[in-house]
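**Q** I have a structure I would like to understand better, so I am pasting it below and will then ask my questions one at a time.
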Amino acid sequence: MMLLLVKWMLGLLLMSVGIAMFVHVIRLRWQYVRLGMPSAVKGNVSGRVWQALIKTLSQGKLWKDWRSGLMHLFLFYGFLHLQIGAVDIIWKGLTGHHLPLPQYEAFVVAQEYTVLLVLAAILYAGYRRYVERLARLKRGLKPAWVLIFIVLLMASVIGTMVFERALEGATDVTGSLTAWIASVIVHSSLVVLTIGYEISWWLHLVVLLVFLVYVPQSKHFHLIVAPINLGLQRSLPNIGKLEPLDLEQEEAESFGVGAIEQFRQDQLVDLYACVECGRCTNVCPAASTGKWLSPMHLITKLRDHLTEKGAAVTSTTPWVPALHAGVMTHRWVNRGSNESVTRGQLSDEYAQAGLGQAGAVELQGGAGKSAASIAYTLSIQKQQWVGERSPITSVEPAHDARSLELISDVMSEQELWACTTCRNCEDQCPVGNEHVDKIIDMRRYLVLTRGELPTDAQRAMTNIERQGNPWGINRNDRHQWALEWERSSGRHVPVVKEAAAYDLLLFVGSMGAYDRRTQRVIRSLIRLMEAADIRYAVLGNEERSSGDTVRRLGNEFLYQELARDNIALFQKYDVKQIVTACPHTYHTIKKEYVDFGLSAEIEVYHHTEWLWKMWRTGRIQLTHAVKEKVVWHDSCYLARYNNIVAAPRELVSAIPELTLVEMERHGKDAMCCGAGGGRMWMEETEGKRVNVTRVEQALLTEPTVIGSACPYCLTMMEDGTKSLERDEIRSYDIAELVAMSVLGERE
29 MMLLLVKWML GLLLMSVGIA MFVHVIRLRW QYVRLGMPSA VKGNVSGRVW
79 QALIKTLSQG KLWKDWRSGL MHLFLFYGFL HLQIGAVDII WKGLTGHHLP
129 LPQYEAFVVA QEYTVLLVLA AILYAGYRRY VERLARLKRG LKPAWVLIFI
179 VLLMASVIGT MVFERALEGA TDVTGSLTAW IASVIVHSSL VVLTIGYEIS
229 WWLHLVVLLV FLVYVPQSKH FHLIVAPINL GLQRSLPNIG KLEPLDLEQE
279 EAESFGVGAI EQFRQDQLVD LYACVECGRC TNVCPAASTG KWLSPMHLIT
329 KLRDHLTEKG AAVTSTTPWV PALHAGVMTH RWVNRGSNES VTRGQLSDEY
379 AQAGLGQAGA VELQGGAGKS AASIAYTLSI QKQQWVGERS PITSVEPAHD
429 ARSLELISDV MSEQELWACT TCRNCEDQCP VGNEHVDKII DMRRYLVLTR
479 GELPTDAQRA MTNIERQGNP WGINRNDRHQ WALEWERSSG RHVPVVKEAA
529 AYDLLLFVGS MGAYDRRTQR VIRSLIRLME AADIRYAVLG NEERSSGDTV
579 RRLGNEFLYQ ELARDNIALF QKYDVKQIVT ACPHTYHTIK KEYVDFGLSA
629 EIEVYHHTEW LWKMWRTGRI QLTHAVKEKV VWHDSCYLAR YNNIVAAPRE
679 LVSAIPELTL VEMERHGKDA MCCGAGGGRM WMEETEGKRV NVTRVEQALL
729 TEPTVIGSAC PYCLTMMEDG TKSLERDEIR SYDIAELVAM SVLGERE
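Take the sequence shown: its position 570, counted from the start at 1, is 598 in our numbering, and no numbers get skipped.
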């Protein structure tokens with residue numbers, strides 16, 4: 029009786045301490061999140077709860093890799109099942125009676141098989157990390173702790189069941205693995221069986237409580253935060269939509285995010301939801317081609333900085349117990365963060381990281397047909413984000429977190445400017461993290477508050493501000509392309525201010541107005557409009573840049589000015605329908621102009637959608653054969669931002685004698701061409717060129733044509749084939765391919 033009382037008292041004490049620690053750590057991290065600005069997430073609570081439940085219970089994007097999806101399915105539902113068993117084990121150990129569950133024996137047998145499935149899943153997880161050694165997964169002791177915890181938990185469950193059955197003589201239960209094992213040891217002495225049971229029971233309780241305390245202090249906090257984050261995640265039609273800045277705040281001392289607490293609270297929740305799976309970095313075009321940016325490290329560095337600064341601001345200790353002391357004294361060792369890393373340095377970095385020469389060779393384009401590696405980026409991140417427990421130590425003294433600069437001490441400018449805003453990271457993230465808006469917010473701070481950005485980006489931005497285009501060509505020459513075409517072909521392009529009536533406005537964009545190659549696309553699109561008997565018009569010299577480039581580069585002030593000017597033109601000429609050939613222009617007009625007064629009644633189409641609609645309604649006929657083997661490259665701002673994947677394929681596939689093939693990475697998983705986020709106007713001075721890597725992927729399909737539906741992508745694909753000396757491979761826009769079939773001629 030005395031032993032049972034001691035067991036009760038000690039058990040309750042351990043449970044009380046463990047649960048108290050668990051609650052305390054969560055409360056601390058909630059305090060840190062609350063340091064942020066008010067959340068932008070409003071309303072639709074029931075819809076968001078439903079969204080979180082569906083994505084959590086279905087395991088969502090984990091199924092992009094079916095092996096990972098299956099593994100996590102076993103772990104997720106296995107643990108849900110085993111938690112009921114854990115309560116039963118603890119209760120029975122204290123009272124001698126099991127929970128009043130229906131079909132109890134069947135429940136216990138089911139627990140046994142669940143344990144085996146969870147063990148198989150966790151052993152496979154260890155295999156992927158330490159034997160298969162997936163590049164995106166971190167290794168070392170820290171990631172192994174959870175594997176050890178789970179193995180010990182499963183062992184304690186089996187041990188408790190086995191000794192319990194042996195003590196009770198329940199060795200003939202049909203289908204029970206523990207009953208079979210119990211039958212082997214049932215003849216052991218009562219003392220041995222009792223000791224075996226107590227050891228297993230206490231091991232289960234202690235490991236369970238230690239795991240409970242460890243979870244919110246590690247990446248496994250995602251078990252709690254991820255469902256919340258999935259509920260906060262944006263869905264169509266708001267995917268990729270940037271939040272506008274209120275530039276009229278007279279009391280504002282800065283714009284953008286220059287300190288961790290200037291992020292919104294919903295953005296900070298992302299940081300604690302991260303599971304460090306590396307899926308985001310694995311698909312990042314910057315990380316895959318030797319740039320410093322790693323989306324995973326972006327999140328984890330911001331998370332660590334938030335925890336460290338939050339602890340300093342609130343005068344709390346973020347780790348309970350203090351076994352983590354020292355881990356958070358991280359800082360960025362800024363080894364020339366604004367300087368280019370030459371290819372000659374790549375081999376040195378690989379050698380320092382212990383990765384050999386393979387990675388450096390890959391980045392130089394000498395390994396394989398389509399080399400793309402994240403190894404260099406991971407090695408750089410490991411070396412630069414250091415702490416007391418890192419094998420690399422800084423010569424600088426430890427900093428107070430409150431004195432650290434978010435941009436320079438935590439995030440380098442080099443990382444922020446490497447982003448192409450392709451959103452492949454976000455599309456892959458299983459817990460709903462949104463990386464791009466954080467990068468844009470920090471770019472906004474650099475541009476609007478510090479007045480800092482790369483020289484070539486500054487040049488393009490200044491040209492847009494002065495002349496309405498990135499090249500700085502006279503704004504009064506914006507319609508010159510149409511006048512030249514009229515002189516050479518006699519075809520007149522109507523301008524809205526002189527057009528008697530028109531059905532749609534063709535928003536030509538800066539690429540269409542000034543870039544010779546894109547002008548051919550616009551001419552093909554216009555000929556198709558005429559073939560479909562559509563009355564169209566353009567804005568001519570009154571048209572200005574859509575502003576996408578300057579917004580993604582961080583100049584929200586100039587963007588809002590451009591957006592309002594264009595909206596005023598739409599209102600002035602009573603525009604009802606807009607068609608554009610640029611996905612970037614399409615996205616910002618359709619989704620982001622509404623924040624500045626664009627009427628919801630205006631229909632906005634990308635020319636892919638519009639051509640598909642004309643074909644489906646019979647306004648254009650695909651009659652002429654186009655004998656080409658076309659590999660399709662998806663624009664990020666069509667596929668991932670706006671879910672336009674099927675339409676271009678259905679349309680191109682309908683062209684007689686045209687063969688459509690796919691790259692390994694296609695649709696929403698397609699790799700970026702490297703031009704988004706203002707990168708079109710910035711030189712790549714690190715690693716391998718993104719467009720060359722993408723073209724190499726396309727060439728693996730042995731096409732005659734690389735097809736796309738974006739002027740940036742078209743330019744990057746053509747530049748890539750030239751760089752690889754594959755000029756025989758042509759690049760065509762979808763409008764050009766459709767025009768070949770409808771009109772029977774090429775531009």
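Cβ coordinates follow ideal geometry from the N, Cα and C atoms, glycine included.
The model shown is predicted, which means the values in this text are computed figures rather than measured ones.
According to DSSP, simplified to helix, strand and coil, what is Ser759?
**A** As a working mapping, residue 759 is identified with position 731 in the sequence shown. Ser759: strand per DSSP, three-state reduction.
**Q** Can you tell me the Cβ-Cβ gap for Ala682 and Trp638, rounded? I've got them flagged as a contact below 8 Å.
**A** In the sequence shown, residue 682 corresponds to position 654, counting from 1. In the sequence shown, residue 638 corresponds to position 610, counting from 1. Actually they are not in contact, since the Cβ atoms of Ala682 and Trp638 sit about 16 Å apart, beyond 8 Å.
**Q** The beta strand (DSSP E) spanning Lys35 covers which residue range?
**A** Position 7 of the sequence shown holds residue 35. First-last for Lys35: 30-61, but that is the alpha helix (DSSP H), not the beta strand (DSSP E).
**Q** Mind listing, in chain order, the continuous alpha helix (DSSP H) runs of no fewer than 4 residues lying wholly within the segment 477-510?
**A** Those alpha helix (DSSP H) runs which fall completely within the segment 477-510 and span 4+ residues are 483-495.
**Q** Looking at His661: is its Cβ nearer than 8 Å to the Cβ of Ser736?
**A** Residue numbering aside, residue 661 sits at position 633 when the sequence shown is read from its first letter. Residue numbering aside, residue 736 sits at position 708 when the sequence shown is read from its first letter. Result yes, Cβ atoms of His661 and Ser736 sit closer than 8 Å.
**Q** Which of helix, strand or coil does DSSP assign to His652?
**A** By one-based count along the sequence shown, residue 652 stands at place 624. Note: His652 maps to coil in three-state DSSP.
**Q** Does the distance from the CB of Asn461 to the CB of Ala301 come in under 8 Å?
**A** Here the question's residue 461 lines up with position 433 in the sequence shown. Here the question's residue 301 lines up with position 273 in the sequence shown. Closer than 8 Å, so yes.
**Q** How long is the line joining the alpha carbons of Val146 and Ile178, rounded to whole angstroms?
**A** The residue you call residue 146 lines up with position 118 of the sequence shown. The residue you call residue 178 lines up with position 150 of the sequence shown. One C-alpha to the other measures close to 8 Å.
**Q** Considering only DSSP beta bridges, list what Glu631 is partnered with.
**A** Within the sequence shown, the letter at position 603 stands for residue 631. Glu631 pairs with Gln605.
**Q** Looking only at its chain, what residues have a beta carbon closer than 8 Å to the beta carbon of His52, apart from the 5 residues adjacent to it on each side?
**A** Position 24 of the sequence shown, counted from the first residue, corresponds to residue 52. Around His52: Val348.
**Q** I believe Ala314 touches Thr448 by the beta-carbon criterion, under 8 Å. Please report the beta-carbon distance rounded to the nearest angstrom.
**A** Walking along the sequence shown from the start, residue 314 turns up at place 286. Walking along the sequence shown from the start, residue 448 turns up at place 420. With 8 Å as the limit, Ala314 and Thr448 qualify as a contact, their Cβ atoms being about 7 Å apart.
**Q** Please tell me whether Gln605 and Leu556 are closer than 8 Å, where the distance is taken between their beta carbons.
**A** Taking the first residue of the sequence shown as position 1, residue 605 is located at position 577. Taking the first residue of the sequence shown as position 1, residue 556 is located at position 528. Contact flag unset, no.
**Q** Does the segment 701-709 come close enough to the segment 674-688 to have 3 or more Cβ pairs within less than 8 Å?
**A** Contact between the segment 701-709 and the segment 674-688 is absent, because fewer than three Cβ pairs lie under 8 Å.
**Q** Our contact map puts Asn452 next to Asn504 with C-beta atoms below 8 Å; I'd like the distance itself, whole angstroms only.
**A** For the purposes of this step, residue 452 is taken as residue 424 along the sequence shown, with counting starting at 1. For the purposes of this step, residue 504 is taken as residue 476 along the sequence shown, with counting starting at 1. That pair is no contact at about 39 Å.
**Q** From Ser282 to Val438, what distance separates their C-alpha atoms?
**A** Numbered from its first residue, the sequence shown carries residue 282 at position 254. Numbered from its first residue, the sequence shown carries residue 438 at position 410. Each residue's alpha carbon lies about 19 Å from the other.
**Q** Is Gly735 helix, strand or coil by DSSP?
**A** Taking the first residue of the sequence shown as position 1, residue 735 is located at position 707. Looking at Gly735 - three-state DSSP - the assignment turns out to be strand.
**Q** Which runs of the alpha helix (DSSP H) fall wholly inside the segment 59-130 and span at least 4 residues, in chain order?
**A** Qualifying alpha helix (DSSP H) stretches, in chain order: 73-86, 94-123.
**Q** Taking buried to mean at least 16 other C-beta atoms within 10 Å of its own C-beta, is Met37 buried or exposed?
**A** For the purposes of this step, residue 37 is taken as residue 9 along the sequence shown, with counting starting at 1. Exposed: under 16 other Cβ atoms inside 10 Å.
**Q** Less than 8 Å between the CB atoms is what I'm expecting for Arg292 and Met65, so what's the real figure, rounded?
**A** Numbered from its first residue, the sequence shown carries residue 292 at position 264. Numbered from its first residue, the sequence shown carries residue 65 at position 37. Right, their Cβ atoms sit about 5 Å apart.
**Q** Hey, how far is the Cα of Lys269 from the Cα of Val311?
**A** Locating residue 269 in the sequence shown gives position 241, counting from the first residue. Locating residue 311 in the sequence shown gives position 283, counting from the first residue. Going by the C-alpha atoms only, they are around 21 Å apart.
**Q** Grouping DSSP H, G and I as helix and E and B as strand, with all else coil, what is Ser401?
**A** On the sequence shown, position 373 is the one that residue 401 refers to. In the structure shown, Ser401 sits in a strand (DSSP, three-state: E or B).
**Q** Can you have a look at Glu764 and say buried or exposed, based on whether 16 or more other CB atoms are within 10 angstroms of its CB?
**A** Residue mapping note: residue 764 aligns to position 736 of the sequence shown, counting from 1. Label assigned to Glu764: buried.
**Q** Distance, Cα to Cα, Ile467 vs Gly702?
**A** Locating residue 467 in the sequence shown gives position 439, where the first residue counts as 1. Locating residue 702 in the sequence shown gives position 674, where the first residue counts as 1. Taking the straight line joining both Cα atoms gives about 16 Å.
**Q** If you draw a straight line from the C-alpha of Leu236 to the C-alpha of Phe107, how long is it?
**A** Position 208 of the sequence shown holds residue 236. Position 79 of the sequence shown holds residue 107. If I take the Cα positions, the gap works out to 12 Å.
**Q** Using only CA atoms, which one of Val159, Arg563, Leu511 lies nearest to Gln547?
**A** Indexing the sequence shown from 1 puts residue 547 at position 519. Considering only alpha carbons, the answer is Leu511.
**Q** Could you give the first and the last residue of the continuous beta strand (DSSP E) run that contains Val689?
**A** Residue numbering aside, residue 689 sits at position 661 when the sequence shown is read from its first letter. Segment 687-689, the beta strand (DSSP E) holding Val689.
**Q** If I measure Cβ to Cβ from Lys35 and keep anything under 8 Å in the same chain, skipping five residues before and after, which residues do I get?
**A** Locating residue 35 in the sequence shown gives position 7, counting from the first residue. For Lys35, where only same-chain residues beyond five positions count, the Cβ hits under 8 Å are Gly121, Leu122.
**Q** Taking 7 Å as the limit between beta carbons, can you name the residues of its chain near Gln591, skipping five residues before and five after?
**A** Locating residue 591 in the sequence shown gives position 563, where the first residue counts as 1. For the sequence presented, residue 591 should be read as Ala rather than Gln. Cβ neighbours of Ala591 beyond the five flanking positions: Gly575, Tyr621, Phe624.
**Q** Within 10 angstroms of its Cβ, does Asn594 collect 16 or more other Cβ (buried), or is it exposed?
**A** Residue 594 sits at position 566 when you count from the first residue of the sequence shown. Buried, because 16 or more other Cβ atoms sit within 10 Å of the Cβ of Asn594.
**Q** So for Thr199, helix, strand or coil by DSSP?
**A** Taking the sequence shown and counting its residues from 1, the one referred to as residue 199 is at position 171. Correct three-state label for Thr199: coil.
**Q** Among all the DSSP beta bridges, which residues are the ones paired with Lys657?
**A** On the sequence shown, residue 657 is found 629 positions in, with the first residue counted as 1. Thr687, per the DSSP bridge assignment.
**Q** Rounded to whole angstroms, what is the Cα-Cα separation between Val770 and Val680?
**A** The residue labelled residue 770 in the question sits at position 742 within the sequence shown. The residue labelled residue 680 in the question sits at position 652 within the sequence shown. One C-alpha to the other measures close to 12 Å.
**Q** I want to know whether the segment 195-209 touches the segment 247-267 - three or more CB-CB distances under 8 Å.
**A** The answer is no - the segment 247-267 does not touch the segment 195-209, with fewer than three Cβ pairs under 8 Å.
**Q** When burial is assigned at 16 or more other CB atoms within 10 Å of the CB, is Asn777 buried or exposed?
**A** The structure shown does not extend to residue 777, since the chain spans only 29 to 775, so no value can be given for it.
**Q** DSSP on Phe535, reduced to helix/strand/coil?
**A** On the sequence shown, residue 535 is found 507 positions in, with the first residue counted as 1. Strand, per DSSP.
**Q** Taking the alpha-carbon positions, what's the Tyr242 to Cys457 distance?
**A** Mapped onto the sequence shown, residue 242 falls at position 214. Mapped onto the sequence shown, residue 457 falls at position 429. Taking the straight line from one Cα to the other gives about 23 Å.
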